[in-house]
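Enquirer:
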Amino acid sequence: SAVISQKPSRDICQRGTSLTIQCQVDSQVTMMFWYRQQPGQSLTLIATANQGSEATYESGFVIDKFPISRPNLTFSTLTVSNMSPEDSSIYLCSVEEAYEQYFGPGTRLTVT
Amino acid sequence: AQKVTQAQTEISVVEKEDVTLDCVYETRDTTYYLFWYKQPPSGELVFLIRRNSFDEQNEISGRYSWNFQKSTSSFNFTITASQVVDSAVYFCALHGNTGKLIFGQGTTLQVKP
Chain C
134 SAVISQKPSR
144 DICQRGTSLT
154 IQCQVDSQVT
164 MMFWYRQQPG
174 QSLTLIATAN
184 QGSEATYESG
194 FVIDKFPISR
204 PNLTFSTLTV
214 SNMSPEDSSI
224 YLCSVEEAYE
234 QYFGPGTRLT
244 VT
Chain H
352 AQKVTQAQTE
362 ISVVEKEDVT
372 LDCVYETRDT
382 TYYLFWYKQP
392 PSGELVFLIR
402 RNSFDEQNEI
412 SGRYSWNFQK
422 STSSFNFTIT
432 ASQVVDSAVY
442 FCALHGNTGK
452 LIFGQGTTLQ
462 VKP
């Protein structure tokens, strides 16, 4: 199975600032996914990132707020822009291999 | 529309008890996959099992077992002889033709010593 790492593992940020989260996979994958998990909630898909094309965002998520880069088949970044306390969540990167979806360890973000 | 329902928000058991976590799903796809994930307090999501829609055989892995019933659209998860280390949030998820993974709301399992 794919091994996924994320940086940072956690951060505390001031409102109005931006944070970029990195996701690295140990193998080449076509599709990468970014999820948000708000406190005590389930996981919600933010966007799907395919290499070489624009990310596809789910309803309620916009590129200006969550810009995503996918420069190659093993790496992606998610930026949380102009943060507010409501953005405090765990952000998880995920990849799909043979219909199995694996998740990174998550980035725990607190916005004060 | 695709949907996953985990009606049990929280379950508390005493160590060594058996516990079943329920999962009911909705989909019009004929081919789909069902998953269970475990999320311990550390936050990472641990893959437990994948089952495709054409395989209704029950599966057992150590103390874990899964019961897939297409007739009732359920994919229940049983932990036998629960242990404190089983305490976590468990998510059931559905992957259909949309290519997206749809999660249930999760069930928090607390196993007390």
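Protein chains in written order, with the numbering used here: chain C, 134 to 245; chain H, 352 to 464. Here a beta-carbon is modelled for each residue, glycine too, at the ideal position from N, C-alpha and C.
Between the C-alpha atoms of CYS374 of chain H and GLN161 of chain C, what's the straight-line distance to the nearest angstrom?
Expert: The residue given as residue 374 of chain H occupies position 23 in the second sequence. The residue given as residue 161 of chain C occupies position 28 in the first sequence. Each residue's Cα considered, the two are about 33 Å apart.
Enquirer: How should GLN434 of chain H be labelled, buried or exposed, when 16 other C-beta atoms within 10 angstroms of its C-beta is the threshold for buried?
Expert: Start at 1 with the first residue of the second sequence, and residue 434 of chain H comes out as number 83. Flag for GLN434 of chain H reads exposed.
Enquirer: Alpha carbons only, please: which of C:ALA231, C:LEU225, C:SER214 and C:SER227 is nearest the one belonging to CYS146 of chain C?
Expert: Residue numbering aside, residue 146 of chain C sits at position 13 when the first sequence is read from its first letter. Of the listed residues, the one whose Cα sits closest to CYS146 of chain C is C:SER214.
Enquirer: In terms of DSSP beta bridges, what is GLN434 of chain H paired with?
Expert: Translated into positions along the second sequence, residue 434 of chain H becomes position 83. None; GLN434 of chain H has no bridge partner.
Enquirer: Would you check whether the ligand NAP has a heavy atom nearer than 7 Å to the C-beta of THR449 of chain H?
Expert: The ligand NAP is not part of the structure shown, which contains no ligands of any sort.
Enquirer: Quickly, what does DSSP pair SER202 of chain C with across the bridge? List them, please.
Expert: Along the first sequence, read from residue 1 onward, the residue named residue 202 of chain C stands at position 69. Looking at the DSSP assignment, SER202 of chain C forms a beta bridge with C:THR210.
Enquirer: Roughly how far, in whole angstroms, is the beta-carbon of LEU445 of chain H from the beta-carbon of THR378 of chain H, given that I think they are within contact range, below 8 Å?
Expert: Locating residue 445 of chain H in the second sequence gives position 94, where the first residue counts as 1. Locating residue 378 of chain H in the second sequence gives position 27, where the first residue counts as 1. With 8 Å as the limit, LEU445 of chain H and THR378 of chain H qualify as a contact, their Cβ atoms being about 6 Å apart.
Enquirer: Looking only at its chain, what residues have a beta carbon closer than 6 Å to the beta carbon of VAL440 of chain H, apart from the 5 residues adjacent to it on each side?
Expert: Counting from 1 along the second sequence, the entry for residue 440 of chain H is found at position 89. Cβ within range, chain order: GLN390, GLY457 and THR459.
Enquirer: Taking the C-alpha atoms as reference points, what is the distance between ASP251 of chain C and LEU176 of chain C?
Expert: Nothing about residue 251 of chain C can be reported from this structure: the residues present for chain C run from 134 to 245 only.
Enquirer: Under the DSSP definition of a beta bridge, which residues are partnered with LEU178 of chain C?
Expert: Start at 1 with the first residue of the first sequence, and residue 178 of chain C comes out as number 45. The partner list for LEU178 of chain C (beta bridge, DSSP) reads C:TYR168.
Enquirer: Roughly how many angstroms separate the alpha carbons of ARG169 of chain C and SER412 of chain H, rounded to a whole number?
Expert: Along the first sequence, one-based indexing puts residue 169 of chain C at 36. Along the second sequence, one-based indexing puts residue 412 of chain H at 61. If I take the Cα positions, the gap works out to 30 Å.
Enquirer: Using the beta-carbon count (16 or more within 10 Å), is ALA432 of chain H buried or exposed?
Expert: The residue you call residue 432 of chain H lines up with position 81 of the second sequence. With fewer than 16 other Cβ atoms within 10 Å, it is exposed.
Enquirer: What's the call for VAL244 of chain C, buried or exposed, on a 16-neighbour Cβ count within 10 Å?
Expert: As a first step, residue 244 of chain C must be located in the first sequence, where it is residue number 111. Classification for VAL244 of chain C: buried.
Enquirer: Relative to the C-alpha of VAL462 of chain H, which candidate in H:LEU396, H:GLU410, H:VAL355 and H:LYS367 has its C-alpha closest?
Expert: Position 111 of the second sequence holds residue 462 of chain H. For the residues H:LEU396, H:GLU410, H:VAL355 and H:LYS367, the minimum Cα distance to VAL462 of chain H belongs to H:LYS367.
Enquirer: Apart from the five residues just before and just after LYS421 of chain H, which ones in its own chain have a Cβ nearer than 8 Å to its Cβ?
Expert: Residue mapping note: residue 421 of chain H aligns to position 70 of the second sequence, counting from 1. Excluding residues within five positions, the ones whose Cβ falls inside 8 Å are SER404 and GLU407.
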